[in-house]
Amino acid sequence: MKALGRIAPWAYLALMLLFIFLPVLVLIQFSFQGGLAPVPPFDGPSLKWWAKVLANRKITDGLTNSLLVGLGSALVATMLGFLAAYAMARQKRRLSAFYQFLLMAPITVSYLIIGMGLQITFNYLGISKSLWAIGIGHVVINLPLTFAILYAQLGEHQANIERAAYDLGARDWQVILLVTVPMLWPGLLAAFFIAATLSWDEFVIAFLLSRFDVTLPVVIWSMLKSGLSPELNATGTLVFVISILAVGVVEFLLWRSRRSNV
Amino acid sequence: MPKTKLPGLKSWGHAPALAWTLLFFVLPLIAMLVMSFSARIDGKIELTWTLDNYRAFLTRADGTFVGALWNSIEVTVITTIVSVLVAYPLAYILAYKIPKQWQRFALVLTVLPFWTSYVVRSYSWLLVLSENGIINQFLLWSGILDTPVGMGNSRFATVLGFVHFFAMLLTLTIYANLVQIKESYRKAAADLGANGFQAFWHITLPLSLPGVAVGAFLTFVLAIGDYITPQILGGSKEMLLPQAVMLQIGRQADFPLASALSMILMLVITAAFLVFAKRLKMERV
């Protein structure tokens, strides 16, 4: 009984890891499929679908567009989120609770509704569907996250250090650029990369707000509609690898900043 | 030259973000609300302050829309409950059984597929669930099944895809909560004679409920509004509300009806928010 109690957690952990990684591993395996059938049985390994993916203009264009929208919208979301977090954390207002509610509200509304609302509004205002429109939508969905992440890091400890800088004669902009921003650097980077990762992979808003220039998830969606293929598996694996690289960068930066702070 | 002092960032920093939210979030919601009271007359959309779109939701002869709402609520509630039950032990093991220096690594590893493409992740389950897929092979090999069963295109597949994604999200929120509970509380319980289960039931579990509430709320909201997973994994056998909305936009370009359906979806989400609201709090570290 005792032994069971000791083994059970590890067995559960192993089982959950299997569940969590199963679809990803199967996907990666079948990106190296040899034949035409995208589904089991496996008859690879072969690199031919990877070659096809990298030579497919639609996919590489989608990839570039996705990266542009992801990095651009993440930059805007992080900047707006930082400014808001700083102002909200450093000055009490009568309407603080309401502002905070408003800034966080988009997180509770599904992407589909946000995308459709923007589609109707842009249509009415005569703004055409484009990568810019998608970017605007992605800032809306990522702003609550960047705001929350940065707001959580602007506590009393940081406020004290800022006060010390003021006492030593620093001006407003000096305190922000030379004290606050460097202190928040890991948080800023984490917010940026999380926003970029969520944006470059977002489908519904990108689908509703794009026409000619489309992002990678929309390309994948249209490939999916014309039937499963090993090319799709390879494209999915490519998306996975890029996302994991971004997560790896964030983890490394956070790990380094923790080490240098301790 | 007179020195004018610019007002500090503290006093206006929140303005751009609020303006963005008002312009690109609140305004579109209002536009959609107005749209839901409009009608299509000869292919043109005109604001007539009609309730026809909401009436269509309730009285559509085949019950498609009310049915879709029920399907959505059922699938989402099942998803939320199963995800919490699956994720809680995992978060507990990560927080208390894994040595401190390995925790971060284990956590990142556990939620790694969280960062893969949402569309691709849903679609990967089709490979796993297909008739030749690994699950069928296992069931045949172990003798549980005699003939392979295609498991895609079903409510089961939709829930499975959802649980896969949201178990990772819940693991994150519950873990973050568990590691904040002071060890001394649990030690005190043990000193006072509580066994492991009693300490968990009376101390750890109640203190970890905020993490569960945040995760469960996010799961509910994101799952009920999701179009991708039910469309890819659930197929066309039963329709969920977001699929009904997309159908109105895509094939029929019926924005008034789609808006009305979205407003009903918003109503459900708001109700869920009010249920969870007491337990949701934003804190600064």
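Chains as they are written, first to last, in this note's numbering: chain C, 1 to 262; chain V, 1 to 285.
No residue lacks a Cβ here, since even glycine has one placed at the ideal position from N, Cα and C.
Here the structure is a predicted model, which is why all the values come from computation and not from measurement.
From the beta carbon of residue i, is the nearest beta carbon of chain V less than 8 Å away?
i: residue 262 (chain C); result: Here residue 262 (chain C) scores only 45 on pLDDT, less than 50, and its place in the model is too uncertain to base an answer on.
i: residue 86 (chain C); result: yes
i: residue 45 (chain C); result: no
i: residue 16 (chain C); result: yes
i: residue 204 (chain C); result: yes
i: residue 120 (chain C); result: yes
i: residue 136 (chain C); result: yes
i: residue 214 (chain C); result: no
i: residue 124 (chain C); result: yes
i: residue 227 (chain C); result: no
i: residue 224 (chain C); result: yes
i: residue 103 (chain C); result: yes
i: residue 127 (chain C); result: no
i: residue 161 (chain C); result: no
i: residue 30 (chain C); result: yes
i: residue 147 (chain C); result: yes
i: residue 193 (chain C); result: no
Quick one: list the residues of chain C neighbouring residue i, beta-carbon separation under 7 Å, in chain order.
i: residue 121 (chain V); result: 23
i: residue 128 (chain V); result: 22, 23 and 26
i: residue 113 (chain V); result: 20, 21 and 24
i: residue 273 (chain V); result: 108
i: residue 8 (chain V); result: 172
Along chain V, in chain order, which residues have C-beta atoms closer than 8 Å to that of residue i?
i: residue 12 (chain C); result: 89, 90 and 93
Output, in chain order, the set of chain V residues within a Cβ distance shorter than 9 Å of residue i.
i: residue 140 (chain C); result: 20, 21, 24, 25 and 28
i: residue 183 (chain C); result: By Cβ distance, chain V contributes nothing, its closest Cβ being about 13 Å from residue 183 (chain C), past 9 Å.
i: residue 236 (chain C); result: 116, 117, 119, 120, 121, 123 and 124
Compute the beta-carbon to beta-carbon distance between residue i and residue j, rounded to the nearest angstrom, for a pair I have assumed lies under 8 Å.
i: residue 104 (chain C); j: residue 148 (chain C); result: 7 Å
i: residue 116 (chain V); j: residue 162 (chain V); result: 15 Å between Cβ atoms; not a contact.
i: residue 153 (chain V); j: residue 225 (chain V); result: Not a contact, Cβ separation roughly 21 Å.
i: residue 176 (chain V); j: residue 211 (chain V); result: 6 Å
i: residue 127 (chain V); j: residue 16 (chain C); result: Contact doesn't hold; Cβ gap of about 20 Å is too wide.
i: residue 70 (chain C); j: residue 199 (chain C); result: 4 Å
i: residue 252 (chain V); j: residue 261 (chain V); result: No, residue 252 (chain V) and residue 261 (chain V) are not in contact; Cβ-Cβ is about 12 Å, not under 8 Å.
i: residue 244 (chain C); j: residue 112 (chain V); result: 7 Å
i: residue 124 (chain V); j: residue 53 (chain C); result: Not a contact, Cβ separation roughly 16 Å.
i: residue 38 (chain V); j: residue 45 (chain V); result: 5 Å
i: residue 148 (chain V); j: residue 160 (chain V); result: Rounded, the Cβ-Cβ distance is 17 Å, inconsistent with contact.
i: residue 144 (chain C); j: residue 106 (chain C); result: 5 Å
i: residue 203 (chain V); j: residue 88 (chain V); result: Their Cβ separation, rounded to whole angstroms, is 15 Å, which puts residue 203 (chain V) and residue 88 (chain V) out of contact at 8 Å.
Should residue i be flagged as near chain C, meaning a C-beta pair shorter than 8 Å?
i: residue 44 (chain V); result: no
i: residue 16 (chain V); result: yes
i: residue 152 (chain V); result: no
i: residue 202 (chain V); result: no
i: residue 374 (chain V); result: Residue coverage of chain V in this structure runs from 1 to 285, which leaves residue 374 (chain V) outside it and unanswerable.
i: residue 47 (chain V); result: no
i: residue 125 (chain V); result: yes
i: residue 255 (chain V); result: yes
i: residue 269 (chain V); result: yes
i: residue 134 (chain V); result: yes
i: residue 265 (chain V); result: yes
So which residues on chain C does residue i lean against when the C-beta distance must stay under 9 Å?
i: residue 221 (chain V); result: 107, 108, 109 and 110
i: residue 11 (chain V); result: 87 and 91
Chain C partners of residue i, CB-CB under 8 Å?
i: residue 107 (chain V); result: In chain order: nothing, as chain C lies at least about 10 Å away.
i: residue 286 (chain V); result: It is not possible to answer for residue 286 (chain V), since the shown part of chain V is limited to 1 through 285.
List, in chain order, every chain V residue whose beta-carbon is nearer than 7 Å to that of residue i.
i: residue 251 (chain C); result: 108
i: residue 221 (chain C); result: 119
i: residue 117 (chain C); result: 28, 29, 31 and 32
i: residue 244 (chain C); result: 112 and 115
i: residue 167 (chain C); result: Within 7 Å Cβ-Cβ: nothing; residue 167 (chain C) doesn't reach chain V, min ~16 Å.
i: residue 143 (chain C); result: 17, 20 and 21
i: residue 9 (chain C); result: 93 and 97
i: residue 217 (chain C); result: 117 and 119
Using a Cβ-Cβ distance cut-off of 8 Å, determine whether residue i contacts chain A.
i: residue 262 (chain V); result: Looking for chain A here will not work: the only protein chains present are C and V.
Quiz item: Is the stretch 51 to 59 of chain V close to the stretch 215 to 224 of chain V, with three or more CB pairs under 8 Å?
Solution: no
Quiz item: Which of the residues in the stretch 78 to 99 of chain V, read from start to end, lie with their CB under 7 Å from any CB of chain C?
Solution: 89, 90, 93 and 97
Exercise. Check whether the stretch 102 to 121 of chain V touches the stretch 230 to 240 of chain C, taking contact to mean three or more Cβ pairs, one atom from each stretch, closer than 8 Å.
Key: yes
Exercise. Spell out a yes or no on whether the stretch 95 to 107 of chain V and the stretch 218 to 231 of chain C are touching, meaning 3 or more CB-CB pairs, one atom from each, closer than 8 Å.
Key: no
Quiz prompt | contact_flag[the stretch 185 to 196 of chain C, the stretch 73 to 90 of chain C] where n(CB pairs < 8 Å) is 3 or more | solution = yes
Quiz item: Touching or not, the stretch 176 to 184 of chain C and the stretch 106 to 116 of chain C, by the rule of three or more beta carbon pairs under 8 Å?
Solution: no
Self-check item: the stretch 127 to 140 of chain C / the stretch 196 to 215 of chain C touching (three or more Cβ pairs under 8 Å)
Solution: yes
Quiz item: Listed from N- to C-terminal order along the chain, which residues in the stretch 227 to 250 of chain V have their beta-carbon within a distance smaller than 9 Å of any beta-carbon of chain C?
Solution: 227, 228, 232, 242, 245, 246 and 249
Self-check item: Contact between the stretch 237 to 256 of chain V and the stretch 64 to 79 of chain V (3+ Cβ pairs under 8 Å)
Solution: yes
Quiz prompt | Segment contact flag, the stretch 153 to 172 of chain C with the stretch 54 to 69 of chain C, C-beta cutoff 8 Å, min 3 pairs | solution = no
Exercise. Give, in chain order, every residue of the stretch 54 to 83 of chain C whose Cβ lies closer than 7 Å to some Cβ of chain V.
Key: 80, 81 and 83
Exercise. Could you list the residues in the stretch 171 to 182 of chain C with a C-beta less than 7 Å from some C-beta on chain V, going in chain order?
Key: 172 and 176
Practice problem: Answer yes if the stretch 181 to 201 of chain V comes into contact with the stretch 262 to 276 of chain V, meaning at least three C-beta pairs across the two stretches below 8 Å, and no otherwise. | Solution: no
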